[in-house]
Every structure is written in structure tokens, then in C-alpha cells.
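Colleague:
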Amino acid sequence: MKQYFNFSWCLMLCLACFTYKSNAQDIKVEAKLDKSTIVLGDQTILRLSARLPVNEKISFPALADTISSKIQIVEVGKTDTIADKNNPKVATISRQYTITSFDAGLQAVPAFLFQVNTQSFKTDPLPLQVTAVAVDTTKAIYDIKQPLAVKYSFLDWLRDHWQWVLLSFVIILLIAGVIYYLWQKRKNKPVKVEVKPLVPADVTALNKLAVLRDKKLWQQDEVKQYHIELTDILREYLEKRYHVKALEQTSEEIFAGLRHMEITDQNRSKLRQILMLADLVKFAKGMPLNAENEQSIENAISFVTNTKEINQLPDNKAQNETV
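Residue numbers (mature numbering (1 follows the signal peptide of the UniProt record, and there is no 0)): -24 to -1, 1 to 299.
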């Protein structure tokens, strides 16, 4: 029994070694140069590639700025993976590096070490011939010549671009002609003056007060905005009805301007209640009661209704005839 166990163990070990050796033989690494000879300061491409089974992971050499003290890396390209068409289980992974050298002579690109699991694979070193630029030392050295100043006048530019200039001129003439034609057509067209009937100041004010009431501003805690719109409507009505600059005046200035107008004491009291309460809300941050807010718009409607002009229709007719 013991002999059978030892034989099985040896057989498994041999199979593992064979498989490990077989996988190792499937892995190949390589380094190539696009050009093995370059001029001093010129560039070439170094290509590193590894062919291995797709289930294996490989670590490329860590290259940063230089390959050696005389070979520099200009740019590191992306890593590409290409599957083998004949064997889907094998893939080739490659990466390219743009390199250069500023030391003339034969430079050596060293061997690169790849790591696959616990195994290491090396590429072959490559020769890179860097040739210096030939300089004729028998000739004298001259300073760099300054750029020559070339005169380019407007006539030269016009001669080079005359087609575009002519086309632009024609387009401008066409646009000017269209504008002139439309202007003449509009000038000769009779203008119809639409005469709009004058809307009485009280009708306008009452309509605006109805819209303001429907907004329900103070019911939505917008008390200040409510009183601002209410007083604006009332001030506009006062300007049209009594010809005072109510929109530009304070409340006291409005009362002073209306003192000689035919307004009953009751209507003056209603107007004072509206303006004074609005000033309290706007400037003193007062918070009136709900009943006071409702009273302001009721007083405004009553004030406009009681102070409207009686002889509006003849005035409107005269205004229309004048127009």
C-alpha cells in the first residue's frame, strides 16, 4: 500500500513538472527596434512583446525616463493585446517606447526582465548605433542670418484677394438695394392710425383691484406685496383722476395735493386708512389684522366708486374725434 502511494505521488509530481515546463515553453518575450541606426537626437521605437497563454499574467519591465545613462525614453505607448488566430488560448501583449540618444557611438539597449508568476524571462540585448552629424570644419563659421523684411502693401493684398473684394462689394450693393426698396415701400404705404377708446380711470382701477383680490396675497403671508400693489393701483388712479403726481409722492404729499379737491371727508378718511396702513407695513414692518387687510381693499373700491368722474363719456368722444 505504501509503495502504491509513493508511486502515485511521484507520478503527480512528474505531471506537474511536465505541465509547468510546457507552460514555460509557451511563453516567449522579445525586444525589437524599428531602426537600429539613428542620427544624434533622432528617435526610434523600441517594441517589447510577450507571447503567453491567455490565463497567465505577465509583468513588463518598469521603465520611467531612461533605459540607460545614454538612452532616454521620450514617450511610453499603450499596452496592446492581440489574440492568436490559430490558437485562441495564446495571446501576444506588446508595448512600445519612443527612445532617443544624444551620445554618438554604439549604444547598448540592455536585456529586459519579464515576470510571470515565479518565473523570469529575459530579452536579448540590442545594439543601437547613434551617428553624429557631419560638420565640415574646413569652412568658416558664420552668424545666423536675420529674417529678411518683405514689404507687403495694400495694393499687393488687393491684387491677391481681388475676387473676394469684388464679391463683398456686390453683396453690399445688393443688401443696400433691398433695404432701400423696403424703406421706399414702407414710406409710401399709408399708415392706419387705430383709435382706441379711452378707458375711464375708475374702470381700470376697479379691474385691477378685482385681480388683486383674486390673487389672495395677504392670505398667503405676502402682506407687504399686497399693500404695495394696492397703493400702486390707488396712486395711479389719483394721478389720472386728480392730475397729481401720486406715484412720486409720499402719503403726506398726496394728502396735501388733494386738500383743495372735491372729496368728502368720508372718502378722505378711507384714503388715509389705506395709505397709512400700507406705510406701516412697508416701512415699519407692521403686521395688520386680517380684517384690516380686507378693509383696505374694500375702502379702495369704495373710494374709486365714489370719486369717479361723471362726465366721462363726452370726454372720451371728444378725445376720439381729436385723434
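C-beta: ideal position from N, C-alpha, C; glycine also.
Is Q83 buried or exposed, if buried means 16 or more other CB atoms sit within 10 Å of its CB?
Modeller: Flag for Q83 reads buried.
Colleague: Excluding the 5 residues preceding and the 5 following L247 in the sequence, name in chain order all residues of the same chain whose CB lies nearer than 7 Å to its CB.
Modeller: Around L247: F279.
Colleague: With R27 as the anchor, note down where its beta strand (DSSP E) starts and where it stops.
Modeller: Where R27 is concerned, the enclosing beta strand (DSSP E) stretches over 19 to 29.
Colleague: Anyone know if the C-beta pair for I3 and A26 falls short of 8 Å?
Modeller: It is a contact, given that the beta carbons lie within the stated cut-off.
Colleague: Take S45 as the anchor and find which of G53, V52, D79 has the nearest alpha-carbon.
Modeller: That would be D79, whose Cα lies nearest to the Cα of S45.
Colleague: Please report the Cβ distance between I273 and L214, rounded to the nearest whole angstrom; I am assuming they are in contact, meaning their Cβ atoms lie under 8 Å.
Modeller: With a Cβ gap of about 16 Å, I273 and L214 do not count as contacting.
Colleague: Rounding to the nearest angstrom, what Cα-Cα distance links A208 and Y202 in this structure?
Modeller: In the sequence under discussion, the amino acid at residue 208 is Asp, which differs from the Ala named in the question. Computed Cα separation, rounded: 10 Å.
Colleague: Go through its chain and collect everything with a Cβ distance to T42's Cβ below 8 Å, but skip five positions before and after it.
Modeller: Excluding residues within five positions, the ones whose Cβ falls inside 8 Å are Q48, I49.
Colleague: What would DSSP say about G233, mapped onto helix, strand or coil?
Modeller: Helix at G233.
Colleague: With the cut-off set at 8 Å, would you say Q122 and T74 are in Cβ contact?
Modeller: Cβ atoms of Q122 and T74: not closer than 8 Å.
Colleague: Run the CB neighbour count on F194, radius 10 Å, all protein chains shown included, and call it buried at 16 or more, exposed below.
Modeller: It should be pointed out that residue 194 corresponds to Trp in this sequence rather than to Phe. So W194 counts as buried.
Colleague: When DSSP labels each residue in this structure, what does I151 get in the three-state scheme?
Modeller: Looking at I151 - three-state DSSP - the assignment turns out to be helix.
Colleague: Could you tell me if D190 is buried or exposed, where buried requires 16 or more neighbouring beta carbons within 10 angstroms of its beta carbon?
Modeller: Label assigned to D190: exposed.
Colleague: For K172, count the other beta carbons within 10 Å of its own beta carbon; 16 or more makes it buried, fewer makes it exposed. Which is it?
Modeller: K172 is exposed by the Cβ-count criterion.
Colleague: Quick one: any contact between the stretch 97 to 107 and the stretch 62 to 74, if contact means 3 or more CB pairs under 8 Å?
Modeller: No, the stretch 97 to 107 does not touch the stretch 62 to 74.
Colleague: Compute the distance between the beta-carbons of T99 and A7, then report whether it is under 8 Å.
Modeller: In contact: T99 and A7 (Cβ atoms closer than 8 Å).
Colleague: Report the option in P64, Q139, V52, M252 whose CA atom is closest to the CA atom of A40.
Modeller: It is V52 whose Cα lies nearest to the Cα of A40.
Colleague: Going by DSSP, which residues form a beta bridge with Y73?
Modeller: Y73 is bridged to L22, V52.
Colleague: Please classify L158 as buried or exposed, where buried requires at least 16 neighbouring CB atoms within 10 angstroms.
Modeller: L158 is exposed by the Cβ-count criterion.
Colleague: When DSSP labels each residue in this structure, what does V92 get in the three-state scheme?
Modeller: DSSP places V92 in strand when its eight states are reduced to three.
Colleague: Going by DSSP, what residues sit across from F97 in a beta bridge?
Modeller: F97 is bridged to F90.
Colleague: Could you say which of V141, S96, L124 lies nearest to L131 if we only look at CA atoms?
Modeller: Minimum Cα distance to L131 is reached at V141.
Colleague: Is L131 helix, strand or coil when you go by DSSP?
Modeller: Correct three-state label for L131: helix.
Colleague: Mind checking who K4 pairs with in its DSSP beta bridge?
Modeller: DSSP output for K4 lists R27 as bridge partner(s).
Colleague: Report back the beta-carbon spacing between L28 and L9 to the nearest angstrom; my notes put them in contact at under 8 Å.
Modeller: With a Cβ gap of about 22 Å, L28 and L9 do not count as contacting.
Colleague: Excluding the five sequence neighbours on either side, which residues of its own chain have a C-beta within less than 7 Å of the C-beta of F36, listed in chain order?
Modeller: Taken in chain order, the residues that qualify are L24, R71, F90.
Colleague: Nearest to V179 by CA position, among K33, D60, F259, R217, is which residue?
Modeller: Ranking K33, D60, F259, R217 by Cα distance to V179 puts R217 first.
Colleague: Tell me the DSSP secondary structure of T107 in three-state form.
Modeller: It is a strand residue.
Colleague: Could you check whether I204 and K258 sit closer than 8 Å to each other, using their CB atoms as the reference points?
Modeller: Taking 8 Å as the Cβ cut-off, K258 and I204 qualify as a contacting pair.
Colleague: Which stretch, first to last residue, makes up the beta strand (DSSP E) that contains V199?
Modeller: Counting along the chain, V199 falls outside any beta strand (DSSP E), though it belongs to the alpha helix (DSSP H) covering 199 to 218.
Colleague: To the nearest angstrom, report how far apart I155 and V146 are at their CA atoms.
Modeller: I155 and V146: Cα-Cα distance of roughly 14 Å.
Colleague: Just the C-alpha distance for I277 and K163, rounded to the nearest angstrom, thanks.
Modeller: Taking the straight line joining both Cα atoms gives about 48 Å.
Colleague: Please state the DSSP three-state secondary structure of S35.
Modeller: Note: S35 maps to strand in three-state DSSP.
Colleague: With respect to the alpha helix (DSSP H) encompassing S44, which residues constitute its N-terminal and C-terminal limits?
Modeller: Looking at the DSSP string, S44 is not in any alpha helix (DSSP H); the run it does join, the beta strand (DSSP E), is 42 to 44.
Colleague: Can you give the Cα-Cα distance for W133 and L143, rounded to whole angstroms?
Modeller: The alpha-carbon atoms of W133 and L143 are separated by roughly 15 Å.
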